[in-house]
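Counting from 1, one number per residue, gives the positions in the sequence shown under the UniProt record's numbering.
Even for Gly, the Cβ is constructed at its ideal location relative to N, Cα and C.
Data first, discussion second: the structure below is written as structure tokens.
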Amino acid sequence: MRNSILRSALAGTVLTVGVLCTSFNLNAIAAERVVLRYSILEASISVAELTDLAERGEVSPELQAYLELANQNPEEFRGILTKEIVVDGVWLSRLLNNSIGEMLLDQVSDVIHTPTKRANRQALRSALVSSAMTDGKITLIEVLQNYPTSELHINGDRLVEVIQQIDKLRQGLSILGF
1 MRNSILRSAL
11 AGTVLTVGVL
21 CTSFNLNAIA
31 AERVVLRYSI
41 LEASISVAEL
51 TDLAERGEVS
61 PELQAYLELA
71 NQNPEEFRGI
81 LTKEIVVDGV
91 WLSRLLNNSI
101 GEMLLDQVSD
111 VIHTPTKRAN
121 RQALRSALVS
131 SAMTDGKITL
141 IEVLQNYPTS
151 ELHINGDRLV
161 EVIQQIDKLR
171 QGLSILGF
């Protein structure tokens with residue numbers, strides 16, 4: 001009983017902070033750069049460049065060069081950035097604040113993580129919940145924009161796999177009524 005009360009209080013706190021940050025744009029720290037590792041290549045790309053690709057289809061010369069080296073089609077990459085996963089923010093917060101959610105966060109943190117690989121779970125939880133609270137869906141570009149460190153690292157080789165796993169988990173849980 002006590003654990004469920006503590007979880008509810010923690011979920012409420014996370015939701016309140018997420019709503020306040022979204023409503024008042026209080027993200028004091030937000031990701032500015034993404035260090036993307038794809039195969040043997042590694043590049044540091046600004047979140048602004050990725051946002052331009054996601055929102056307008058515009059590819060900077062730096063990003064274009066990297067995508068070419070990685071043999072990645074810009075439109076396919078844009079699709080990865082903008083793939084929507086519909087999810088209720090309150091439900092997501094509850095899910096991510098229990099053992100199932102922590103396991104999921106740990107798996108995703110192998111792919112998207114802080115530069116120091118510390119507090120990965122908390123940073124990712126914050127970015128996901130903030131993204132879902134604004135419009136009831138999550139996209140990778142929103143997660144990048146809401147990530148609470150100035151830099152984050154992504155393992156591009158496993159990115160698509162993790163997005164598919166998250167979507168399957170969401171579908172499975174919704175079938176079970178969660």
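Within its chain, find whatever has a CB closer than 6 angstroms to the CB of ASN146; leave out the 5 residues flanking it on each side and keep chain order. Position 146 of the sequence shown holds residue 146. So the list reads ALA127, SER130, SER131, once near-sequence residues are dropped.
For the 8 angstroms Cβ check, are there 3 or more pairs between the region 152-166 and the region 30-42? yes
Strictly by DSSP, which residues pair up with ILE112? Locating residue 112 in the sequence shown gives position 112, counting from the first residue. Paired residue(s): ILE154.
Kindly confirm or deny that the region 48-59 and the region 83-96 touch, where touching means at least three C-beta pairs closer than 8 angstroms. no
Pairwise C-alpha distance: GLY89 and GLY136: Your numbering for residue 136 matches position 136 in the sequence shown. Your numbering for residue 89 matches position 89 in the sequence shown. Whole-angstrom Cα-Cα distance: 6 angstroms.
From GLU76 to LEU144, what does the alpha carbon distance come to, in whole angstroms? Here residue 76 corresponds to residue number 76 of the sequence shown, with the count starting at 1. Here residue 144 corresponds to residue number 144 of the sequence shown, with the count starting at 1. Answer to the nearest angstrom: the Cα atoms are 17 angstroms apart.
is_contact[VAL143, chain C] using C-beta, thresh 9 angstroms: In the displayed structure, chain C is absent; only one protein chain is listed.
Using the three-state DSSP reduction, which class does ALA30 fall into: helix, strand or coil? Mapped onto the sequence shown, residue 30 falls at position 30. If DSSP states are grouped into helix, strand and coil, ALA30 belongs with coil.
Along the chain, where does the beta strand (DSSP E) that runs through ALA43 open and close? The residue labelled residue 43 in the question sits at position 43 within the sequence shown. Counting along the chain, the beta strand (DSSP E) containing ALA43 begins and ends at 41-46.
If you draw a straight line from the C-alpha of LEU141 to the C-alpha of GLN171, how long is it? As a first step, residue 141 is located in the sequence shown; it is residue number 141 there, counting from the start. As a first step, residue 171 is located in the sequence shown; it is residue number 171 there, counting from the start. According to the sequence displayed, residue 141 carries Ile and not Leu. Approximately 21 angstroms between the Cα atoms of the pair.
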